[in-house]
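Residue numbers (our numbering), protein chains in the order written: chain A, 1 to 369; chain B, 370 to 755; chain C, 756 to 823.
This is the structure in structure tokens:
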């Protein structure tokens with residue numbers, strides 16, 4: 001018997017699609033030739049963060065973070081769900097202005113955030129340097145160990161795993177590298193940076209990032225910390241950039257990021273980027289300097305031209321769906337993505353209005369510029 | 370410029386550094402131990418090693434760990450600073466480490482490697498009046514037992530997992546010097562029970578090791594269980610340097626062959642970087658000989674299949690991350706295990722559990738990235754030049 | 756040489772490593788594996804510096820060591 005849905009890609013987005021489709025009563029198969037969660041999912045930070053670059057990004061991240069927080073108590077211990085909140089750190093008075101604007105913007109949309117002045121910031125995170133202006137605290141944000149979360153969602157979906165590379169996707173079928181073909185009622189392309197190879201007409205570029213993890217040092221930081229300047233780094237230019245982003249893991253380790261490079265294709269750790277990224281982190285947290293780091297690695301974020309993921313029916317297709325291009329927010333937005341895909345395939349209500357993520361939107365986007 | 374950097378101040382690195390310096394090269398010798406000498410000449414304040422360097426111009430950098438390599442620069446970390454060390458010719462003599470195979474109780478205080486027991490005694494461990502079981506495999510077992518006995522320990526048993534016939538066949542091919550050495554050790558160990566084809570199945574004792582259970586079911590009381598399954602080459606740096614020119618690997622990191630192999634490979638590389646190819650070429654036959662010995666050594670003391678069935682589901686395999694055998698045994702590969710259980714992701718970076726899972730499950734090591742050892746954040750921010 | 760391990764004073768011989776000194780005291784829970792700077796199981800806080808590899812560190816007069 002053919003499955004109702006074949007999902008190409010066993011990262012967290014594919015896993016969440018499998019989970020949501022299974023919950024909608026569909027029979028699911030996942031095609032993953034590598035390790036589940038072994039691509040951008042495993043290389044990333046595991047943050048469940050509400051973001052507000054645009055209304056559409058806010059809607060998707062907020063909905064999904066809510067879903068995660070509701071799921072939190074049910075998650076197995078190895079997912080290490082930690083509701084630590086995020087502090088968006090303001091370096092100066094100008095950035096404090098942004099903090100106040102963000103606070104008001106969130107309040108208008110019913111999201112509770114808190115403004116911390118310099119003293120409150122020092123109390124919340126004593127290892128940050130003195131002289132910072134303050135921060136915006138987003139209490140609903142959390143951190144998880146994302147490979148284990150991927151495994152949890154896949155297990156819960158009871159999806160069969162096909163361990164062969166997908167070479168092409170057609171209406172109702174997936175062609176496999178071993179010469180075989182998989183037939184299914186619907187196909188979901190959740191292949192991350194690899195998605196454009198399988199679905200022409202969508203644009204995803206890999207954006208390389210570096211991360212570093214320390215040894216176990218309980219209590220060094222309590223919140224996920226991000227510099228507000230991150231926003232400038234994340235979307236400001238197409239050149240290389242770094243921004244301070246630190247995450248305390250349930251193990252007591254610290255994950256230190258972040259860097260962004262467009263056009264870099266090799267997976268090697270680049271001393272120049274690593275050094276630049278760490279210098280930025282140390283500017284914010286001088287005590288990091290003497291901590292023992294145990295590993296560094298890189299990953300590639302699947303990045304779309306308008307920084308929003310593709311979720312929905314592929315351009316011109318009848319039964320081929322795309323769930324890809326989540327850039328650095330795949331973990332956070334995976335659950336809402338899964339629900340959108342399940343609703344698109346099986347019908348039913350959508351968790352957020354789906355139009356902004358329509359994979360066919362490219363033309364409209366191009367017109368607007 | 371022709372700057373020679375030698376990594377590792379064991380026999381291979383010391384001899385390589387000395388030969389290169391004699392040939393007029395400017396040589397820096399980097400080593401992570403507090404004193405030069407490697408494992409063979411550990412202890413005694415590095416006296417033997419310093420003799421090897423007498424009269425030659427070698428800059429010695431002790432307590433310095435090479436944590437990254439990029440282009441022709443090594444990132445070296447000492448206790449209080451980071452150094453960027455440039456090289457034109459690089460000799461890697463990174464040595465070997467002991468292979469540990471997990472068995473119930475191997476994480477108890479008092480259980481350690483056989484080579485570890487030797488290293489600890491050389492570093493001041495007081496074994497007077499202690500009962501020690503020396504187990505595992507390889508010629509090192511006799512050497513460790515003899516050293517411990519010499520220092521006042523009671524050797525409760527020596528357990529060699531290789532069968533007696535295989536060890537005898539190995540001994541038959543040994544050089545006269547090595548045979549004399551073995552006879553000397555055995556004389557020192559007169560009266561000590563030596564069991565072939567026998568291994569430690571379990572260590573027991575609650576708070577610390579009190580006894581071991583052997584493969585034949587015998588229980589032996591002891592204060593220490595020194596159990597090591599031979600040596601595995603330290604290849605992390607070499608993998609990081611893969612494809613790079615003017616990198617010469619010598620000694621145990623190219624294959625376990627003991628002192629002679631290290632000495633001649635080290636000397637040949639030293640001559641070669643000093644531009645003396647004819648001298649280096651003269652050593653070829655000896656190196657071939659030493660490598661053949663290495664192959665025989667590996668065959669004779671290859672760990673037996675039964676050792677794969679020692680760990681129970683709850684036996685820890687990755688000590689850094691506390692990952693038990695039961696969580697690993699059904700997984701498809703090491704990459705999966707790393708990502709989903711964190712096996713091998715702790716501060717030793719899989720140096721202990723890597724060879725174990727390779728033996729237990731056939732998992733091959735995957736990528737190597739800087740830092741290859743835990744390093745301070747400021748080291749990776751870029752050190753000062755030297 | 757006198758050193759302090761977990762609050763108690765001990766005598767350590769010349770050229771004794773911190774790890775060997777700790778083993779000599781029979782400190783509970785201390786289970787180093789390799790003795791040569793590989794396994795990271797011997798790490799201790801030495802003179803306030805955490806996670807020092809005790810097997811690669813020679814004892815010095817007056818040193819303070821915490822094993823956990």
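Where is the CB? At the ideal position from N, CA and C, for every residue including glycine.
Check your understanding: Between which two residues does the beta strand (DSSP E) containing residue 748 of chain B stretch?
Key -> Counting along the chain, residue 748 of chain B falls outside any beta strand (DSSP E), though it belongs to the alpha helix (DSSP H) covering 746–749.
Review point. When the Cα of residue 94 of chain A is compared with those of A:45, A:85 and A:132, which residue comes out closest?
Key: A:132
Review point. Who are the near neighbours of residue 84 of chain A in its chain, counting only those whose CB is closer than 7 Å to its CB and skipping five residues on each side?
Key: 142, 143, 222, 223, 224 and 248
**Study point:** residue 755 of chain B versus residue 618 of chain B: straight-line alpha-carbon distance, rounded
**Key:** No answer about residue 755 of chain B holds up, because its pLDDT of 41 lies below 50 and its placement is not dependable.
Review point. Where residue 507 of chain B and residue 672 of chain B are concerned, what is the direct C-alpha to C-alpha distance, given to the nearest angstrom?
Key: 10 Å
Point to revise | Outcome for residue 534 of chain B when other beta-carbon atoms lying within 10 angstroms are tallied against a minimum of 16 | key: exposed
Check your understanding: Using 9 Å as the limit for Cβ to Cβ distance, is residue 754 of chain B near chain C?
Key -> Legend: pLDDT at residue 754 of chain B = 43, less than 50; position of this residue unreliable, no value from coordinates given.
Practice item. Could you say if the segment 47–57 of chain A and the segment 374–383 of chain B meet the contact criterion of at least three C-beta pairs nearer than 8 Å? Key: no
Practice item. Please confirm if residue 363 of chain A has its CB atom under 9 Å from at least one CB of chain C. Key: Low confidence applies here, because residue 363 of chain A scores a pLDDT of 45, under 50, leaving its location unreliable and the question unanswered by this model.
Check your understanding: Between which two residues does the alpha helix (DSSP H) containing residue 156 of chain A stretch?
Key -> 146–157
Check your understanding: What are the boundary residues of the alpha helix (DSSP H) that includes residue 631 of chain B?
Key -> 627–642
Review point. Should residue 406 of chain B and residue 603 of chain B be called a contact, given that it needs their Cβ atoms to be closer than 9 Å?
Key: no
Exercise for review: Quick one: grab the DSSP three-state call for residue 202 of chain A.
Suggested key: coil
Check your understanding: Starting from residue 19 of chain A and walking both ways along the alpha helix (DSSP H), at which residues does that stretch end?
Key -> 12–23
Check your understanding: What are the start and end residues of the beta strand (DSSP E) that includes residue 796 of chain C?
Key -> Taken as a continuous stretch (DSSP letters only), residue 796 of chain C belongs to no beta strand (DSSP E), as it is neither H nor E.
Practice item. On a CA-only basis, which of B:703, B:485 and B:716 is nearest residue 727 of chain B? Give me that one, please. Key: B:703
Review point. Is residue 448 of chain B near the ligand SAM, going by C-beta to nearest heavy atom under 8 Å?
Key: As far as ligands go, the structure on display features none, and thus does not contain the ligand SAM.
Practice item. Starting from the C-beta of residue 39 of chain A, find all residues in its chain whose C-beta is less than 7 Å away, skip the five residues before and the five after it, and write them out in chain order. Key: 11 and 192
Review point. How about residue 248 of chain A: is its C-beta nearer than 9 Å to some C-beta of chain F?
Key: In the structure shown, chain F does not exist; the protein chains are A, B and C.
Review point. Taking Cβ-Cβ distances shorter than 9 Å, what residues in chain C pair up with residue 431 of chain B?
Key: Chain C residues near residue 431 of chain B: none, gap ~10 Å exceeds 9 Å.
Exercise for review: Please specify which runs of the beta strand (DSSP E), each continuous and at least 3 residues long, are wholly inside the segment 25–55 of chain A, giving them in chain order.
Suggested key: 28–31
Check your understanding: Beta-carbon separation of residue 461 of chain B and residue 689 of chain B under 9 Å?
Key -> no
Check your understanding: Under 9 Å between the Cβ atoms of residue 466 of chain B and residue 295 of chain A?
Key -> no
Check your understanding: Can a CB atom of chain B be found closer than 9 Å to the CB of residue 791 of chain C?
Key -> yes
Review point. In the structure shown, what three-state DSSP assignment does residue 369 of chain A receive?
Key: Confidence is the limiting factor: at residue 369 of chain A the pLDDT is only 34, short of 50, which leaves the residue's position unreliable and the question unanswerable from this model.
Practice item. Would you tell me roughly how many angstroms separate the C-alpha atoms of residue 256 of chain A and residue 494 of chain B, rounded to the nearest one? Key: 39 Å
Review point. Is the beta carbon of residue 171 of chain A less than 9 Å from the beta carbon of residue 317 of chain A?
Key: yes
Check your understanding: Helix or strand or just coil, what does DSSP make of residue 481 of chain B?
Key -> strand
Review point. Does the Cβ-Cβ distance between residue 578 of chain B and residue 472 of chain B come in under 9 Å?
Key: no
Review point. Can you find a CB in chain A that lies within less than 9 Å of the CB of residue 608 of chain B?
Key: no
Check your understanding: Thinking just about the alpha-carbon of each residue, which of B:744, B:749, B:748 and B:751 is nearest to the one in residue 795 of chain C?
Key -> B:744
**Study point:** Under the three-state DSSP convention, the category residue 528 of chain B falls into
**Key:** strand
Exercise for review: With 8 Å as the C-beta to C-beta threshold (strictly closer), list the residues of the segment 200–216 of chain A near chain C in chain order.
Suggested key: 215
**Study point:** Beta-carbon neighbours of residue 756 of chain C, restricted to chain B and to distances below 7 Å
**Key:** What residue 756 of chain C touches in chain B: nothing, since even the nearest Cβ is about 10 Å away.
Review point. From the beta carbon of residue 241 of chain A, is the nearest beta carbon of chain B less than 9 Å away?
Key: no
**Study point:** Closer than 7 Å at the beta carbon, the chain C residues around residue 292 of chain A
**Key:** 806
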